[in-house]
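**Q**
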Amino acid sequence: MAKKAVLAAAALLLSISSPEAWATNGDTLIGVAPASRAMGGAGVAAPQDAISAIFANPAAVCMGPYCPGTEVVFASTIYNPSVKATVTMGPQVVSAKSDMRPFIIPAVGMVTPISDRFRFGLGMFGITGMGVDYRNKGIDLNPGSPGAEGDIYTQLQILKFAPNIAFLVTPNFSIGSSLHLLYGSLDLGEGTSHNYGIGEQLGAIYRMGPCSIGASYTSAEKLSHERVSDFGSGEKKELEMESPRTASAGIAWHATEDLLLEADAKWLNWSDADGYREFDWKDQWVYALGMQYKDPDGLTLRLGYNYGKNPVRLHKNFDLMGTTQIQGATVSNAAYEYLRIIGFPAIAEHHFSFGVGYQFTGSFEAHLGGMCALSNHVSESDASGTYTFSSKVRETSYDIGLIWHFM
């Protein structure tokens, strides 16, 4: 019954969060909840709310402004992405804008004490999202047959349900762990496949006066999607998609009582992750910088920057007549490159963010934020120069979070 309840809640959240290249590093969100996102996703060493702690570093549940009491957070992000594809076939050029409207991604989280040294956290939030909708756009989707028109629709979503336990080893050192229960869906235009998986996250934080250092590791987390596509073979195949191993480290400095500065570095092991490896994604380093000013009267201001070079490796001068293996399925290079570049354009790199919050009472505060991912463009052509596939992505999002404190 508990498992069914978790899956039902996950399905509800996914049903209202229809992704089109979320504001991401690869296909992973830069952060969750307004505080983290407004600071560029920084928060491994000093997250500022319950959801950010569970997302970035499970040890942080024991060290944060929510301690020593209980905190409950409800947050939501409104995404408004813009994705455009261009296919060139000799003299013919066809362009289209992906038809996806703004959508909402909710997140909930709480942390509470178990004892003086143990604390418990629980979070549920979208973590992965990517896809496009070029149905009925007139774009040529069969580059092997010039002039043939069709549809392309892709959608990948993953939600995490994360119970968390943290232990305060000393007043300045904490360790923590989260169990990740995943619920995901994948649609390649031939019907949606749903499944669930499991993973874990470990973390530690050490505080030295006004400075804190933190580190976190997340295991690879696999989801198997059955009968998701036939890849042109006439028989629908299973496709395994694996969220990559991730290691992150961060440092935070309280320059004054009111001013917090944070910097994080994160490594995502795309090249060894099932699904991404077959689509030739390379490992990615992500860097996040964040600043928070919180005055004694309750006003909070935040700024952030996040950069991660897009992991999609370009195949310049690919062999148009060749084939590629995708987990046992043989796919023409034309279809393979089309799906990589047009179907899953995970190419956002530079993200700028900001936020404002206000503590209305001792037990309630509200936060707003915004993010802009600068426009980025990728393009590749076959060896003959006949075919060129291009994608362009620009992203904006807006965040709101409501926080309640209980002693």
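Read left to right, the sequence shown gives residues -23 to -1, 1 to 384 (mature numbering (1 follows the signal peptide of the UniProt record, and there is no 0)).
A virtual CB, placed ideally from N, CA and C, is assigned to each residue, including glycine.
1. Distance, Cα to Cα, G67 vs S352?
2. Between which residues of its own chain and T169 is the CB-CB distance below 6 Å, once the five residues before and five after are set aside?
3. Less than 8 Å between the CB atoms is what I'm expecting for R78 and D376, so what's the real figure, rounded?
4. Touching or not, the stretch 27 to 47 and the stretch 356 to 368, by the rule of three or more beta carbon pairs under 8 Å?
5. With respect to the beta strand (DSSP E) encompassing R96, which residues constitute its N-terminal and C-terminal limits?
6. DSSP three-state call for L(-11): helix, strand or coil?
7. I'd like to know if the stretch 31 to 38 and the stretch 185 to 193 are in contact, where contact means that at least 3 CB-CB pairs between them fall below 8 Å.
8. Count the other CB atoms within 10 Å of the CB of P273; is the residue buried (16 or more) or exposed (fewer)?
9. Skipping 5 residues on each side, what residues in its chain have a beta carbon closer than 6 Å to that of K206?
10. Counting along the chain, where does the beta strand (DSSP E) carrying I175 start and finish?
11. For F51, which residues of its own chain have a beta-carbon under 6 Å away from its beta-carbon, when the five flanking residues on both sides are left out?
12. With DSSP as the reference, please indicate the residues paired to S154 in a beta bridge.
13. Count the other CB atoms, across all protein chains shown, that sit within 10 Å of the CB of F102; report buried if there are 16 or more and exposed otherwise.
14. Name the DSSP beta bridge partners of S225, please?
15. Between the stretch 140 to 149 and the stretch 94 to 112, are three or more C-beta pairs nearer than 8 Å?
16. Please go through the same chain and pick out, in chain order, the residues whose beta-carbon is closer than 6 Å to the beta-carbon of H327, but skip the five residues on each side of it.
17. Pull the bridge partners of Y270 from the DSSP assignment, please.
18. Got a sec? Which residues, its chain only, sit under 6 Å from Y130 by beta carbon, not counting five neighbours each side?
19. What are the boundary residues of the alpha helix (DSSP H) that includes P11?
20. Taking all protein chains shown into account, decide if Y364 is buried (16 or more other Cβ within 10 angstroms of its Cβ) or exposed.
21. I'd like to know if the stretch 330 to 338 and the stretch 279 to 296 are in contact, where contact means that at least 3 CB-CB pairs between them fall below 8 Å.
22. What are the residues that DSSP puts in a beta bridge with T131?
23. Going by DSSP, what residues sit across from F329 in a beta bridge?
24. Quick check on V64: does DSSP put it in helix, strand or coil?
25. For S290, count neighbouring Cβ atoms within 10 angstroms of its own Cβ and tell me buried if that reaches 16, exposed if not.
26. Which residues bound the alpha helix (DSSP H) around I31?
27. Bridge partners for M218 per DSSP, in chain order?
28. Thinking K199 and D251 are a contact (beta carbons under 8 Å), I'd like their distance in whole angstroms, please.
29. What is the DSSP secondary structure of E357, counted as helix, strand or coil?
30. I need the straight-line Cα distance from L238 to M268, nearest angstrom please.
31. Under the three-state reduction of DSSP, which class applies to D164: helix, strand or coil?
32. Taking a contact to mean a Cβ-Cβ separation below 8 Å, would you say A181 touches S151 in this structure?
33. Quick one: residues in its chain with C-beta nearer than 6 Å to the C-beta of M87, no 5 flanking neighbours on either side, listed in chain order?
34. Considering only residues of the same chain and omitting the five flanking positions on each side of Q261, which have a CB-CB separation below 7 Å?
35. What span of residues does the beta strand (DSSP E) with A84 cover, start to end?
36. Shortest alpha-carbon distance to G153 belongs to which of V21, E203, V64 and V9?
**A** Considering the structure as presented:
1. 26 Å
2. S162
3. Going by Cβ atoms, the distance from R78 to D376 rounds to 18 Å, so no, they are not a contact pair.
4. No: fewer than three Cβ pairs fall under 8 Å.
5. F95 to D110
6. Because L(-11) carries a pLDDT of 43, less than 50, the predicted location of this residue cannot be relied on, and the following value inherits that uncertainty. Helix, per DSSP.
7. Taking 8 Å as the limit for Cβ pairs, the verdict is that the stretch 185 to 193 does touch the stretch 31 to 38.
8. exposed
9. Looking at the sequence provided, one finds Ser at residue 206 rather than Lys. These residues qualify, in order along the chain: L165 and E167.
10. Looking at the DSSP string, the run of the beta strand (DSSP E) that includes I175 is T169 to M185.
11. V85 and L379
12. DSSP output for S154 lists I142 and L179 as bridge partner(s).
13. buried
14. The secondary-structure analysis by DSSP pairs S225 across a beta bridge with S193 and K243.
15. yes
16. Y284 and L351
17. Beta-bridge analysis with DSSP links Y270 to L236 and L278.
18. Excluding sequence positions up to five before and after Y130, its CB lies within less than 6 Å of the CB of D110, R112 and G166, all in the same chain and listed in chain order.
19. P11 to A15
20. buried
21. yes
22. Looking at the DSSP output, T131 bridges to V109.
23. Y282 and C349
24. strand
25. Reading off the sequence, residue 290 comes out as Arg, not Ser. Exposed, by the Cβ-count rule.
26. A27 to A33
27. As a beta-bridge residue in DSSP terms, M218 pairs with L200.
28. 6 Å
29. strand
30. Taking the straight line joining both Cα atoms gives about 5 Å.
31. Three-state DSSP puts D164 in a strand.
32. If you check the CB distance, A181 and S151 come in under 8 Å.
33. A27, V49 and L99
34. N2, G3, L245, W247, G285, K286 and P288
35. F80 to P90
36. V21
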